[in-house]
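Shown next, in structure tokens, is the structure this report addresses.
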Amino acid sequence: MRVVIAEDSVLLREGLTRLLTDRGHDVVAGVGDGEALIKTITELADGGELPDVVVADVRMPPTHTDEGVRAAVRLRKAHPGLGVLVLSQYVEERYATELLAGSSHGVGYLLKDRVAEVREFVDAVVRVAQGGTALDPEVVAQLLGRSRKQDVLAGLTPREREVLGLMAEGRTNSAIARQLVVSDGAVEKHVSNIFLKLGLSQSDGDHRRVLAVLTYLNS
39 MRVVIAEDSV LLREGLTRLL TDRGHDVVAG VGDGEALIKT ITELADGGEL
89 PDVVVADVRM PPTHTDEGVR AAVRLRKAHP GLGVLVLSQY VEERYATELL
139 AGSSHGVGYL LKDRVAEVRE FVDAVVRVAQ GGTALDPEVV AQLLGRSRKQ
189 DVLAGLTPRE REVLGLMAEG RTNSAIARQL VVSDGAVEKH VSNIFLKLGL
239 SQSDGDHRRV LAVLTYLNS
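Heads up: the sequence shown begins at 39 in our numbering, then just goes up one per residue.
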């Protein structure tokens, strides 16, 4: 896996680099602001060496507001095959929604505290690089909590909402079953009901898991 890291804190940037390289991944570049990130990715793409995933802080110089997520959104539009995982100190609902509003492939939003859980963090980076989704449980809780006021949720049971939250974190059906202490078959039934109630047909394929979450966010 080839990674570019965008983080203005040199210590954190080096720490992330070490976490990934120690596990056999190739960190091809590290930058400290959004413009440098865009320039680096553009140069790599022009040379036919587009990385698999970018790990970027939401807030970077010069204003430390939304430079990172703005760069991430631009990169996703310019390079649809590029995975983007953003890190944030807090759950910033507007930024998470903006990032998820485009393509449902290869996107993640994690709180920085999650980096301390090394295995989960690296798994999330790999999942996003492979075109999957990785959303922090706290992000999911806030986004789905806001959406509970919408009519689109009226037909879902509390258990189905719980399953959806775990799906949004990128967990498989088996992992959800272990978390909820139920059978795999029970989870499959809940997932099927969620898809049915949201009007997601089998033609949408495996991406229905992400589309289910996006349906809530855009409702």
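Just so you know, even glycine gets a beta-carbon here, dropped at the ideal spot from N, CA and C.
These figures come from a predicted structure and were not determined experimentally.
With 16 other Cβ atoms within 10 Å as the buried cut-off, status of residue i
i	result
glutamate 87	exposed
aspartate 151	exposed
histidine 228	buried
tyrosine 128	exposed
proline 89	buried
valine 124	buried
glycine 106	buried
valine 122	buried
serine 126	buried
aspartate 64	exposed
alanine 266	For residue 266 there is no data in the structure shown, the boundaries of the chain being 39 and 257.
arginine 51	buried
Residues that DSSP places opposite residue i in a beta bridge
i	result
serine 126	Leu149
glycine 121	Val91
arginine 40	Asp64
7 Å Cβ shell around residue i - same chain, five flanking residues per side excluded
i	result
alanine 67	Val42, Thr78
Cβ-based neighbour list, residue i, same chain, cut-off 6 Å, excluding 5 preceding and 5 following
i	result
alanine 109	Gly72, Leu75, Ile76
Sequence-distant residues of the same chain with beta carbon closer than 8 Å to residue i, five excluded per side
i	result
arginine 186	In this prediction, arginine 186 has a pLDDT of 47, which is less than 50 and means its spatial position is unreliable; what the coordinates show is noted afterwards. Result list for arginine 186: Arg199, in chain order.
histidine 117	Ile79, Ala83, Leu88
aspartate 104	Val96, Arg97, Tyr133
CB contact check: residue i to chain D, cutoff 9 Å
i	result
glycine 208	No chain D is present in this structure, which holds just one protein chain.
### alpha helix (DSSP H) runs wholly inside the region 153-224, at least 4 long, in chain order
At a cut-off of 4 residues, the continuous stretches assigned as alpha helix (DSSP H) that sit fully inside the region 153-224 are 156-167, 175-185, 196-206, 211-218.
### Task
Please specify which runs of the beta strand (DSSP E), each continuous and at least 3 residues long, are wholly inside the region 52-77, giving them in chain order.
Whole beta strand (DSSP E) segments, 3+ residues: 64-69.
### Task
Pair every Cβ in the region 70-82 with every Cβ in the region 164-174, then say whether three or more of these pairs are closer than 8 Å.
Touching, no, given that fewer than three Cβ pairs across the two stretches are closer than 8 Å.
### Task
May I ask you to verify whether the region 94-102 touches the region 194-208, counting CB pairs closer than 8 Å and requiring at least 3?
Judged by Cβ distances under 8 Å, the region 94-102 makes no contact with the region 194-208, as fewer than three pairs qualify.
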